[in-house]
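Engineer:
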Amino acid sequence: MNKVGIICEYNPFHNGHLYHIEKTKELYPDSILILVLSSCFTQRGHLSILTKEEKTEISLKYGVDLVIELPFVFSSQSADIFAKGAISILKELKCDTLVFGSESNDVEKLKEIANIQLNNSLYDDLVKSYLDDGVNYPTAMSNAVRDITDLDIGTPNDLLGLSYVKEIIRQNTNITPVTIKRTNDFHDEELDKNIVSATAIRKALNDNIDIKDNVPSLVYEYLNKKNNFDYFNYLKYKILSEGIDISKYQTVDEGIENRIINYIDKCKNLDELIDKVKTKRYTYNKLSRMFIHIMTSFTKEEATNQELQYIRVLGFNKIGKEYLNSIKKKVSVPIITNIKKKDEELLSINIRCEKIYSLITNNDLNSYKNPPIYIEKGN
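Take any residue in the sequence shown, count from 1 to its spot, add 4: that is its number in the numbering used here.
Below, the structure written as structure tokens:
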């Protein structure tokens, strides 16, 4: 039986995600499907539109067997750190396959580039040179790869998939990466197809445009009840209260705090602040992550520990529960289901971030205590 992993944020879950699950189950019909899921905050610096409970229930009902949370220390950071956490979880859970979306649908190309990035000193020199010229890291990386190989890598899912492949190699795991062709442009904001991007859906929700045809029915029921989550005033208060001290937070580097403090009083919303502070080196996504780190008080010191410390179960069906029970003695870190007092210290960063998320989204501040969701069987 294959143990197949999927890594996702589901912000929000849409028809493309359902296609991903169904295609994976078609490729591996006799398998355990394990989802590693960002819960409250995403890798691109957004608040999740759906709660972790909603995303877990949706995932289980549409065919996933076991849902594991990707801790905040991984889920809110750059692609390589995000991948490190996710692959560490799948390795602990004895996964043998990872299936992810890819624009190129060329896993051999990703492997070739991954080996260059990990083993070619010229690549490192070229990246440093491009960074010194003031370009951002993803562009520097793409340019360096092209200089060495003539291979292009610049689309979002390929870049994230490349991080997965690099981490599989770094951790010397037996996980086989498998790609599924992504059928839409990640940044496309149009709703003219059955499968559209999460970016398009979030924009449509902001503009009060109906997205009934673009998400599964269960997801539509949840999204129909959602309001826009605006955390700008919380962030503004935090920056005004702490001033230059915000430099202690993760990703607040190279004096960027001075630009933030200079513009914070002049901006009325988050997009305006990002637009003012943005530079060639500091992209929209990088700044979005940075502001999440400031708002959640996620410090550079907290970010230094990037080793997996626990596995937190958000939900399972009967198959997933039986599988978890069968391997729990082979897992080297604690598996957390019902949170006890001793677990709260281990989960302290995540619990703090969940409470802040709940405050902004008007949810229960004690939702972190919720036990795993159990669904007998999904699709």
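Think of the CB as a built atom: it goes at the ideal place given N, C-alpha and C, for glycine as much as any other residue.
Taking the DSSP output, what are the residues bridged to K185?
Structural biologist: Taking the sequence shown and counting its residues from 1, the one referred to as residue 185 is at position 181. Answer is S106, bridged to K185.
Engineer: What does DSSP give as the partner residue(s) for C12 in the beta ladder?
Structural biologist: As a working mapping, residue 12 is identified with position 8 in the sequence shown. DSSP lists L41 as partners of C12.
Engineer: Measure the C-alpha to C-alpha separation of Q313 and L350 and round it to an integer number of angstroms.
Structural biologist: Position 309 of the sequence shown, counted from the first residue, corresponds to residue 313. Position 346 of the sequence shown, counted from the first residue, corresponds to residue 350. If you take the alpha carbons of Q313 and L350, they lie about 8 Å apart.
Engineer: Tell me which residues share the same chain as D100 and place their Cβ nearer than 8 Å to its Cβ, disregarding the 5 neighbours each side in the sequence.
Structural biologist: The count along the sequence shown starts at 1 and reaches residue 100 at position 96. Contacts found: N6, K7, V8, N178, I179, T180.
Engineer: At a threshold of 7 Å, does V337 count as lining the ligand COA (C-beta to nearest heavy atom)?
Structural biologist: As presented, the structure is devoid of all ligands, the ligand COA included, so that no description of it is given.
Engineer: Is it buried or exposed for T55, if we count other Cβ within 10 angstroms and need 16 for buried?
Structural biologist: The residue labelled residue 55 in the question sits at position 51 within the sequence shown. When all chains shown are included, T55 counts as buried.
Engineer: Restricting to Cα atoms, I'd like to know which of I172, E30, D69, D129 is closest to Y327.
Structural biologist: In the sequence shown, the residue the question calls residue 327 occupies position 323. Comparing Cα-Cα distances from Y327 to each of I172, E30, D69, D129, the minimum goes to D69.
Engineer: Would you kindly check if the distance between the Cβ of L39 and the Cβ of I10 is under 8 Å?
Structural biologist: If you number the sequence shown from 1, residue 10 lands on position 6. If you number the sequence shown from 1, residue 39 lands on position 35. Contact flag set, yes.
Engineer: Counting C-beta neighbours from all protein chains within 10 Å, is the total for P338 16 or more, i.e. buried, or is it exposed?
Structural biologist: Counting from 1 along the sequence shown, the entry for residue 338 is found at position 334. The residue is exposed, with fewer than 16 neighbouring Cβ atoms inside 10 Å.
Engineer: Can you give the Cα-Cα distance for I377 and E73, rounded to whole angstroms?
Structural biologist: Reading the sequence shown from its first residue, position 373 is the one you call residue 377. Reading the sequence shown from its first residue, position 69 is the one you call residue 73. Cα-Cα distance, rounded: 12 Å.
Engineer: Which stretch, first to last residue, makes up the beta strand (DSSP E) that contains S155?
Structural biologist: The residue given as residue 155 occupies position 151 in the sequence shown. For the record, residue 155 in the displayed sequence is Leu; it is not Ser. Looking at the DSSP string, L155 is not in any beta strand (DSSP E), and its letter there is neither H nor E.
Engineer: Tell me which residues share the same chain as K95 and place their Cβ nearer than 8 Å to its Cβ, disregarding the 5 neighbours each side in the sequence.
Structural biologist: Against the sequence shown, residue 95 aligns to sequence position 91. The answer, listed in chain order, is Q175, T177, I179.
Engineer: Quick one: give me the first and last residue of the alpha helix (DSSP H) that I72 is part of.
Structural biologist: On the sequence shown, position 68 is the one that residue 72 refers to. Here I72 belongs to no alpha helix (DSSP H); instead the beta strand (DSSP E) covers 70-74.
Engineer: Could you tell me whether the Cβ atoms of Y4 and F104 are closer together than 8 Å?
Structural biologist: Only positions 5 to 383 of the chain appear in this structure, which leaves residue 4 out of reach.
Engineer: Indicate the three-state DSSP secondary structure (helix, strand or coil) for N6 in the structure shown.
Structural biologist: Translated into positions along the sequence shown, residue 6 becomes position 2. Residue state, collapsed to three classes: strand.
Engineer: Considering only the beta carbon of each residue, do R293 and V281 sit closer than 8 Å?
Structural biologist: Locating residue 293 in the sequence shown gives position 289, counting from the first residue. Locating residue 281 in the sequence shown gives position 277, counting from the first residue. No, the pair does not count as a contact, with Cβ atoms beyond the cut-off.
Engineer: Can you name the start and end residues of the alpha helix (DSSP H) that I120 belongs to?
Structural biologist: As a working mapping, residue 120 is identified with position 116 in the sequence shown. Unbroken alpha helix (DSSP H) run through I120: 111-123.
Engineer: Contact defined as beta carbons within less than 8 Å: I believe I340 pairs with R316. What is the distance between those atoms, to the nearest angstrom?
Structural biologist: Indexing the sequence shown from 1 puts residue 340 at position 336. Indexing the sequence shown from 1 puts residue 316 at position 312. Contact check for I340 and R316: beta-carbon distance about 5 Å, within the 8 Å limit, so the pair qualifies.
Engineer: Is the separation between the beta-carbon of I85 and that of Q254 shorter than 8 Å?
Structural biologist: Working through the sequence shown from its first residue, we reach residue 85 at position 81. Working through the sequence shown from its first residue, we reach residue 254 at position 250. The beta carbons of I85 and Q254 sit no closer together than 8 Å.
Engineer: Got a sec, what are the start and stop residues for the beta strand (DSSP E) R316 sits in?
Structural biologist: As a position in the sequence shown, residue 316 is number 312, starting the count at 1. Looking at the DSSP string, the run of the beta strand (DSSP E) that includes R316 is 315-320.
Engineer: Do N228 and N210 have their C-beta atoms closer together than 8 Å?
Structural biologist: Counted from its first residue, the sequence shown places residue 228 at position 224. Counted from its first residue, the sequence shown places residue 210 at position 206. Contact: no.
Engineer: Cα separation between V223 and K65?
Structural biologist: Here residue 223 corresponds to residue number 219 of the sequence shown, with the count starting at 1. Here residue 65 corresponds to residue number 61 of the sequence shown, with the count starting at 1. Cα to Cα, V223 sits roughly 11 Å from K65.
Engineer: Determine, using beta carbons only, whether S451 and I184 come nearer to each other than 8 Å.
Structural biologist: Past the edges of the chain, shown from 5 to 383, lies residue 451, and the structure says nothing about it.
Engineer: Per DSSP, what are the beta-bridge partners of S35 in this structure?
Structural biologist: Taking the first residue of the sequence shown as 1, we reach residue 35 at position 31. In DSSP, S35 forms a bridge with N6.
Engineer: Can you tell me the Cβ-Cβ gap for I353 and E305, rounded? I've got them flagged as a contact below 8 Å.
Structural biologist: What you label residue 353 is simply residue 349 of the sequence shown in a count that begins at 1. What you label residue 305 is simply residue 301 of the sequence shown in a count that begins at 1. 11 Å between Cβ atoms; not a contact.
Engineer: Check this for me: beta carbons of I296 and G49, under 8 Å apart or not?
Structural biologist: Within the sequence shown, the letter at position 292 stands for residue 296. Within the sequence shown, the letter at position 45 stands for residue 49. Yes, these two residues count as a Cβ contact at 8 Å.
Engineer: Distance, Cα to Cα, T303 vs T283?
Structural biologist: The count along the sequence shown starts at 1 and reaches residue 303 at position 299. The count along the sequence shown starts at 1 and reaches residue 283 at position 279. Each residue's Cα considered, the two are about 23 Å apart.
Engineer: Assuming V173 and A118 form a contact by the criterion Cβ under 8 Å, report the distance between their Cβ atoms to the nearest whole angstrom.
Structural biologist: By 1-based counting over the sequence shown, the position of residue 173 is 169. By 1-based counting over the sequence shown, the position of residue 118 is 114. In the sequence under discussion, the amino acid at residue 173 is Ile, which differs from the Val named in the question. Contact holds; Cβ gap of about 6 Å.
Engineer: Starting from S221, follow the alpha helix (DSSP H) in both directions and report where the run begins and ends.
Structural biologist: Counted from its first residue, the sequence shown places residue 221 at position 217. Note, S221: alpha helix (DSSP H), 221-227.
Engineer: Could you give the C-beta distance for P16 and I250, rounded to a whole number, given that I count them as a contact under 8 Å?
Structural biologist: On the sequence shown, residue 16 is found 12 positions in, with the first residue counted as 1. On the sequence shown, residue 250 is found 246 positions in, with the first residue counted as 1. Not really, about 30 Å apart at Cβ, beyond 8 Å.
Engineer: Helix, strand or coil for T308 per DSSP?
Structural biologist: In the sequence shown, the residue the question calls residue 308 occupies position 304. DSSP places T308 in coil when its eight states are reduced to three.
Engineer: Among F236, N329, R285, which residue has its Cα nearest to the Cα of D275?
Structural biologist: The sequence position of residue 275 within the sequence shown is 271, counting from 1. Per the Cα distances, F236.
Engineer: On the DSSP letters alone, give me the boundaries of the alpha helix (DSSP H) that K207 sits inside.
Structural biologist: Walking along the sequence shown from the start, residue 207 turns up at place 203. Element bounds for K207: 202-210.
Engineer: Based on Cα-Cα distance, which residue from T46, R150, E116 lies nearest to V131?
Structural biologist: Taking the sequence shown and counting its residues from 1, the one referred to as residue 131 is at position 127. Comparing Cα-Cα distances from V131 to each of T46, R150, E116, the minimum goes to R150.
Engineer: State buried or exposed for Y46, treating a residue as buried only when at least 16 other CB atoms are found within 10 Å of its CB.
Structural biologist: In the sequence shown, counting from the first residue as 1, residue 46 sits at position 42. Note that residue 46 corresponds to Thr in the displayed sequence, not to Tyr. Counting Cβ neighbours within 10 Å, T46 comes out buried, since at least 16 surround it.
Engineer: Does DSSP put T180 in a helix, in a strand, or in coil?
Structural biologist: On the sequence shown, position 176 is the one that residue 180 refers to. Here T180 sits in strand by DSSP.
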